[in-house]
Amino acid sequence: MAPMTTPGEEMHALVERLYPLCRSITGDGVRATLDIVGKYIPLQVHEVPTGTRVLDWTVPQEWNIRDAYVADASGRRVVDFAASSLHVLGYSVPVAATLPLSELRGHLHTLPEHPTWVPYRTSYYTPEWGFCLAQETLDALPDGDYEVRIDSTLADGHLTYAEHVVPGEVADEVIVSCHVCHPSLANDNLAGVAVAVHLAQELAERTPYHTYRFVFAPGTIGAITWLARNAERIDRVKHGLVLACAGDRGRLTYKRSRRGDAEIDRVMRYVLETSGRPHHIKEFTPYGYDERQYCSPGFDLGVGSLSRTPYAGYPEYHTSADNPDFVSPEAMEDTLAVCREAFAVLDRDRRYLNLSPYGEPQLGRRGLYDSLGGRSDAKQAQMAMLWVLSLSDGEHGLLDVAERAGLPFDTVADAADALRAAGLIKA
Amino acid sequence: MAPMTTPGEEMHALVERLYPLCRSITGDGVRATLDIVGKYIPLQVHEVPTGTRVLDWTVPQEWNIRDAYVADASGRRVVDFAASSLHVLGYSVPVAATLPLSELRGHLHTLPEHPTWVPYRTSYYTPEWGFCLAQETLDALPDGDYEVRIDSTLADGHLTYAEHVVPGEVADEVIVSCHVCHPSLANDNLAGVAVAVHLAQELAERTPYHTYRFVFAPGTIGAITWLARNAERIDRVKHGLVLACAGDRGRLTYKRSRRGDAEIDRVMRYVLETSGRPHHIKEFTPYGYDERQYCSPGFDLGVGSLSRTPYAGYPEYHTSADNPDFVSPEAMEDTLAVCREAFAVLDRDRRYLNLSPYGEPQLGRRGLYDSLGGRSDAKQAQMAMLWVLSLSDGEHGLLDVAERAGLPFDTVADAADALRAAGLIKA
Amino acid sequence: MAPMTTPGEEMHALVERLYPLCRSITGDGVRATLDIVGKYIPLQVHEVPTGTRVLDWTVPQEWNIRDAYVADASGRRVVDFAASSLHVLGYSVPVAATLPLSELRGHLHTLPEHPTWVPYRTSYYTPEWGFCLAQETLDALPDGDYEVRIDSTLADGHLTYAEHVVPGEVADEVIVSCHVCHPSLANDNLAGVAVAVHLAQELAERTPYHTYRFVFAPGTIGAITWLARNAERIDRVKHGLVLACAGDRGRLTYKRSRRGDAEIDRVMRYVLETSGRPHHIKEFTPYGYDERQYCSPGFDLGVGSLSRTPYAGYPEYHTSADNPDFVSPEAMEDTLAVCREAFAVLDRDRRYLNLSPYGEPQLGRRGLYDSLGGRSDAKQAQMAMLWVLSLSDGEHGLLDVAERAGLPFDTVADAADALRAAGLIKA
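Here it is in structure tokens:
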């Protein structure tokens, strides 16, 4: 019998499928990426014209590239875009020229400390062209003339991003945001995309409490564009998570929102701490991924960021070594599981009001003790009911109750359900 | 010469006197208990009819019991209520039958892990009958038929509780509450009753600042009944203490009110910490004694609970081993002393307003330094005056001053008295 | 070539020059002191008549002294005011008498534990006369009659204090206050006076942001007089520092204002901690120097106190051993440097408002990244800009930003300047 495919293997297969595409902040690489994602979950794709004002920024010209290479005197391609999208400086202007190596060097980027790796470089807002290659490739090039050719276009076009919505019981939204602008880099951020796709599929299996909105957009300018186009409706976004570097083998890292104590911050801390996973929780800094934009002081959304090893925290970061082997099915499954657990808490966390707040209500009369009769955790369930009654004063939510009582969140939420069914509390 | 009786010995004598009575949440055992207490301090006894709605509850039928036993075929009583009130399941419905041991077993309660002890069990709200006995007694019973008889009545009647008030300078009240529903158990709660009685006697020796109200009521339903009948006047209750398990030889335990930082919480912490007594301070939980009711979110009174070893924290808890030997005169005296010290702070703690808040007032001109001349603690007394002046801004009480200044509370309160007499501060 | 004089040496020279004068809370000693200080920085000298009501106090009679001695039977002066101003009890009433040693002893003050030192003693508000001398001098006196003479006057006159103002860009004031009432004691407080004089000179080299007001006044009654005469305008005082015991070789001590978290408290903590200097930070107490008055609850100014070893914390305190050798040029320079650093932070700390708070503004478009091109700390400077933008929400000042970002204050303030110049933030 053929073994079943695990979710981790499915996510890894998606990473491998997306890996070769040359993504950037605009252009057909993003479109091709979203086409593939769209085969897993339906997407609403948005195209925003070059020149559109978005907050303090302007949508730039669209960049597309067909071919790029450095060829030696014999015509052999010593650096070839066809081999890896990393070989060309992102947003390179077109060039077709023959140059001596001495002159060409100013346009070549390497990583001397990792001589076999190709770096990832871009120049979005300063017109420039260049190639990225391994230091050892550069070292092997003899002096002489080289033909360089970048068959790219920078022209008015569009910036592309996509959304996928899982409707919930309420219109209040949780956003899950992934940047899709990096070319052949697996952990940054194809792993994040793959985890998001699986989360969306799982959430659709039942109607969640919150509405979940997945945003697949280029970093910075894409998030800014999304915010500009959704500014009027931003109040519906109650919580959010930026997924990035979600697949390496390191421990989990949660970076708090700018608020520091937003509910997503408290939920992520609770899930990470109570699950026993090795993890690290970082305070907000205004540098990183698109949480920078969501948490800018005008919006100040409750959006944190979940990674494994954070950006720039591993040597493979922004190099050709961030390839599909660098991310593991198990790590992506673990990231997925943490998101699942966190959203489960987020969806059940509610503030209730005790409708019988003077003295304890008589639980026995309502059969609330009997209902626990046969359960091994009857004592915990009873304590959870007493705690929910005690703290349901409009000031505390169920996560507060769980933390103060030292009881599992689900036990507390189950107790709240029983008390609500008995008419003793209301949301 | 005969030695003087110590307060500890007096309290212990009261415990021994009350010990044999069969108390429950209603009935003549409570009345007999209150009759005895009433010989020490005058009591106002309240009788609340069966069926009276009290908050979410209803006063149950009154239970009385005259006799109960299990007798073997020879007529010998192998379990006999006359020997200990614990032998009958509290609130047992009447029964008169002859049963084989195999059938009787379902009504027998033992403590296999303590084979010589008799457990304490009740069934207040589910009609049931049963006996409690030592495991070794049970083990020695031969098979065969046994006569069981419980001569009890469950009938409309009353729930009984009592109050004793020590009038103070102000109508603001401190309540001291003890449950009186447990039968022959010494630490839980006859020791609490005995300490309360002595506190009441001591407080009456002079007019205290606060009015002190002592409530002797059955647990849960009694406190709920008291709250229901006093809901309109509950605002006068500023502080309170539930006394329970007040006589065992363990260290003192203070359980904070639900508020966590009510003045009683701060005073108890101050007294326990500065007195150097071994002690433990617990956060509030909605489980325990009648602080559960006083601290329910609708009332949310500043009521904490003082015990030595907390309920269920000692193996003798709710067994025949919680007998008068289990409580010690010295432990009860120590509990009494802590209450005395705490109430002394509570009664002197006041917020003052500095009437000369611009610059330091000239203390020398008013003779406030001279008055300290001969005292060994003159420097401390002077510092206390400066601290009281500095912090008497309407935001801080004298306990705040003592804690921030690191000075004894009484030194600070004496300084405040001197400053008030000099017209420099007012309450 | 003659070596340059260091600021420390200049301050030490001023201490030596002021040292011999007999200062008290009133009188010509204070005037002579202010005359000398006035040669370094222009002073506005205030004379407040005896009998003037100042807050809760009254300006006392003015005390002046010309001569005082104890002479033996041969006419030899065994204790002589001409040798040290400490020899006479401050505010001694005049006396001219011949007394046996046995009777004289009641007017003699010594330090038995330091037999070669002369103590400093006063009796401002109780009419008294006396002499201070070394224990070993007293021990050497034979029995017999002694002539005592104190040629002092206590008469209606004035209390004298002085101010020096360095005008700033804004009228908001920082006060620097030194007591000038102690006679021949170097650390307490001539070192403080010398540091203040140099601070004033340095601040005048450029227009500071705040207006700096230096107050040279007798302790307690002088500060109270200043407060009484400035009560109407006290709101302009935003920050302040009392300088005392500023020249001994011990580590620095900062005593917080009564508020505890006033901006001066936060700035001093920041400067002391980030500078790596050994130091100690003390909570406010209502005892010490004139911070007592500035921080009295009616005023409650943000005034802390900077010392090296605090008052009464060294054996030489209030004795003849607190002489110019006890203070060091290096220590005074270090105290001066800390004040300079703290005032630099105070003068640049500002709350800004991000004018482009929705998403990050595009810094590159405004050349704000380019401007960092050649700098070795370009990354830090960029992070500082992002942090200032993120926290400029009206709730946080630049010191908050520096502390939260973990960046040097000046880097943050420079970033704020660049952002303000680019129109991205406003004060």
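Chains as they are written, first to last, in the numbering used here: chain Z, 1 to 427; chain B, 1001 to 1427; chain V, 2001 to 2427. All residues carry an ideal CB built from backbone N, CA and C; glycine is no exception. In this text the structure is predicted, and so the values were computed from the model without any measurement.
Answer yes if the region 1170 to 1178 of chain B comes into contact with the region 1308 to 1318 of chain B, meaning at least three C-beta pairs across the two stretches below 8 Å, and no otherwise. no
Can you grab the Cα-Cα spacing for the pair V15 of chain Z / F409 of chain Z, in whole Å? The count along the first sequence starts at 1 and reaches residue 15 of chain Z at position 15. The count along the first sequence starts at 1 and reaches residue 409 of chain Z at position 409. Cα-Cα distance, rounded: 34 Å.
For a cutoff of 8 Å on Cβ pairs, would you count D2235 of chain V as touching chain D? You won't find chain D in this structure, because its protein chains are Z, B and V.
Proximity to H2158 of chain V [Cα-Cα], best of V:V2242, V:P2278, V:S2024: In the third sequence, residue 2158 of chain V corresponds to position 158, counting from 1. Of the listed residues, the one whose Cα sits closest to H2158 of chain V is V:S2024.
Per DSSP, what kind of secondary structure is L190 of chain Z in: helix, strand or coil? Position 190 of the first sequence holds residue 190 of chain Z. Three-state result, L190 of chain Z: helix.
Which residues in the same chain as A2134 of chain V place their Cβ atom closer than 7 Å to its Cβ, once the five residues preceding and following it in sequence are excluded? Here residue 2134 of chain V corresponds to residue number 134 of the third sequence, with the count starting at 1. Around A2134 of chain V: T2110, P2115, T2116, W2117, V2118.
Taking Y212 of chain Z as the reference, which of Z:C339, Z:D414, Z:P361 has the closest Cα? Your numbering for residue 212 of chain Z matches position 212 in the first sequence. When only C-alpha atoms are compared, the closest one is Z:C339.
Selected residue, minimal CA-CA separation from A321 of chain Z, among Z:A223, Z:D188, Z:D56, Z:Y40: One-based indexing of the first sequence puts residue 321 of chain Z at position 321. The residue with the shortest Cα to Cα distance from A321 of chain Z is Z:D188.
With 16 other Cβ atoms within 10 Å as the buried cut-off, status of R2206 of chain V: Indexing the third sequence from 1 puts residue 2206 of chain V at position 206. Exposed, because fewer than 16 other Cβ atoms sit within 10 Å of the Cβ of R2206 of chain V.
Can L252 of chain Z and R277 of chain Z be called in contact, C-beta distance under 8 Å? The residue you call residue 252 of chain Z lines up with position 252 of the first sequence. The residue you call residue 277 of chain Z lines up with position 277 of the first sequence. The answer is yes: Cβ separation under 8 Å.
Rounded to a whole number of angstroms, what is the C-alpha to C-alpha distance between T5 of chain Z and D325 of chain Z? Taking the first sequence and counting its residues from 1, the one referred to as residue 5 of chain Z is at position 5. Taking the first sequence and counting its residues from 1, the one referred to as residue 325 of chain Z is at position 325. If you take the alpha carbons of T5 of chain Z and D325 of chain Z, they lie about 18 Å apart.
So, at 6 Å on beta carbons, what are the nonlocal neighbours of R2121 of chain V in its own chain, with the 5 sequence-adjacent residues on each side left out? The residue labelled residue 2121 of chain V in the question sits at position 121 within the third sequence. Only L2089, H2109, C2132 meet the Cβ criterion.
State the DSSP-derived secondary structure class of K2039 of chain V, mapped to helix, strand or coil. The residue you call residue 2039 of chain V lines up with position 39 of the third sequence. Coil, per DSSP.
Cβ closer than 8 Å: which chain B residues qualify as neighbours of W226 of chain Z? Here residue 226 of chain Z is taken as the residue at index 226 of the first sequence, counted from 1. Under the 8 Å cutoff, chain B gives no residues; its nearest Cβ is about 42 Å from W226 of chain Z.
What residues match up with A2096 of chain V in a beta bridge as DSSP calls it? Counted from its first residue, the third sequence places residue 2096 of chain V at position 96. DSSP lists V:R2149 as partners of A2096 of chain V.
Touch check for the region 2345 to 2363 of chain V and the region 52 to 64 of chain Z: three-plus C-beta pairs under 8 Å? yes
Assess contact between the region 382 to 393 of chain Z and the region 411 to 419 of chain Z, defined as three or more Cβ pairs (one per stretch) separated by less than 8 Å. Is contact present? yes
Quick one: list the residues of chain V neighbouring Y1352 of chain B, beta-carbon separation under 9 Å, in chain order. Against the second sequence, residue 1352 of chain B aligns to sequence position 352. Near Y1352 of chain B there are no residues of chain V at all, since even the closest Cβ is about 11 Å away, more than 9 Å.
Should A162 of chain Z and H46 of chain Z be called a contact, given that it needs their Cβ atoms to be closer than 8 Å? In the first sequence, residue 162 of chain Z corresponds to position 162, counting from 1. In the first sequence, residue 46 of chain Z corresponds to position 46, counting from 1. Closer than 8 Å, so yes.
If we cut at 8 Å on Cβ distances, does L398 of chain Z have a partner in chain B? For the purposes of this step, residue 398 of chain Z is taken as the residue at position 398 of the first sequence. For L398 of chain Z, the answer is no, since every Cβ of chain B falls outside 8 Å of its Cβ.
Members of the region 1284 to 1313 of chain B that neighbour chain Z once the beta carbon cut-off is set at 7 Å: P1286, Y1287, R1292, Q1293, S1296, P1297, G1298, F1299
Along the region 249 to 266 of chain Z, what residues have a CB closer than 8 Å to any CB found in chain V? R258
Could you tell me the alpha carbon to alpha carbon distance between Y435 of chain Z and P49 of chain Z, rounded to whole angstroms? Nothing in the structure corresponds to residue 435 of chain Z, since chain Z is present only between 1 and 427.
List in chain order: all unbroken beta strand (DSSP E) runs of 3+ residues lying wholly within the region 227 to 285 of chain Z. 237 to 243, 252 to 255, 279 to 282
Could you tell me how far apart the beta carbons of A2217 of chain V and V2193 of chain V are, in whole angstroms, since I believe they sit closer than 8 Å? Within the third sequence, residue 2217 of chain V is the residue found at index 217, counting from 1. Within the third sequence, residue 2193 of chain V is the residue found at index 193, counting from 1. That belief does not hold up - the Cβ atoms of A2217 of chain V and V2193 of chain V are roughly 11 Å apart, past 8 Å.
What are the complete alpha helix (DSSP H) segments, minimum 4 residues, inside the region 310 to 395 of chain Z? 329 to 348, 378 to 391
DSSP three-state assignment for V170 of chain Z, whether helix, strand or coil: Counted from its first residue, the first sequence places residue 170 of chain Z at position 170. Of the three classes helix, strand and coil, the one that applies to V170 of chain Z here is coil, per DSSP.
Does the Cβ of T2225 of chain V have 16 or more other Cβ atoms within 10 Å, making it buried, or fewer, making it exposed? Position 225 of the third sequence, counting from 1, holds the residue named residue 2225 of chain V. When all chains shown are included, T2225 of chain V counts as buried.
With respect to the alpha helix (DSSP H) encompassing D67 of chain Z, which residues constitute its N-terminal and C-terminal limits? As a working mapping, residue 67 of chain Z is identified with position 67 in the first sequence. From DSSP, D67 of chain Z is part of no alpha helix (DSSP H) but of the beta strand (DSSP E) over 62 to 71.
Count the other CB atoms within 10 Å of the CB of K2426 of chain V; is the residue buried (16 or more) or exposed (fewer)? On the third sequence, residue 2426 of chain V is found 426 positions in, with the first residue counted as 1. Label assigned to K2426 of chain V: exposed.
Just to confirm, are L1398 of chain B and A1416 of chain B a CB contact at a threshold of 8 Å? Here residue 1398 of chain B is taken as the residue at index 398 of the second sequence, counted from 1. Here residue 1416 of chain B is taken as the residue at index 416 of the second sequence, counted from 1. Their beta carbons are under 8 Å apart, which means L1398 of chain B touches A1416 of chain B by this criterion.
Could you tell me which chain V residues have their CB closer than 8 Å to the CB of P1408 of chain B, listed as they occur along the chain? Counting from 1 along the second sequence, the entry for residue 1408 of chain B is found at position 408. In chain order: nothing, as chain V lies at least about 16 Å away.
Less than 8 Å between the C-beta atoms of L1952 of chain V and Q2293 of chain V, yes or no? It is not possible to answer for residue 1952 of chain V, since the shown part of chain V is limited to 2001 through 2427.
Mind checking who R31 of chain Z pairs with in its DSSP beta bridge? As a first step, residue 31 of chain Z must be located in the first sequence, where it is residue number 31. Beta-bridge pairing links R31 of chain Z to no other residue.
Is the distance from the Cβ of L368 of chain Z to the Cβ of A422 of chain Z below 8 Å? The sequence position of residue 368 of chain Z within the first sequence is 368, counting from 1. The sequence position of residue 422 of chain Z within the first sequence is 422, counting from 1. Yes. Within cutoff.
Mind reading off the beta-carbon distance from D1265 of chain B to G1304 of chain B? Whole number of angstroms is fine, and I expect it under 8 Å. Translated into the one-based positions of the second sequence, residue 1265 of chain B becomes position 265. Translated into the one-based positions of the second sequence, residue 1304 of chain B becomes position 304. With 8 Å as the limit, D1265 of chain B and G1304 of chain B qualify as a contact, their Cβ atoms being about 6 Å apart.
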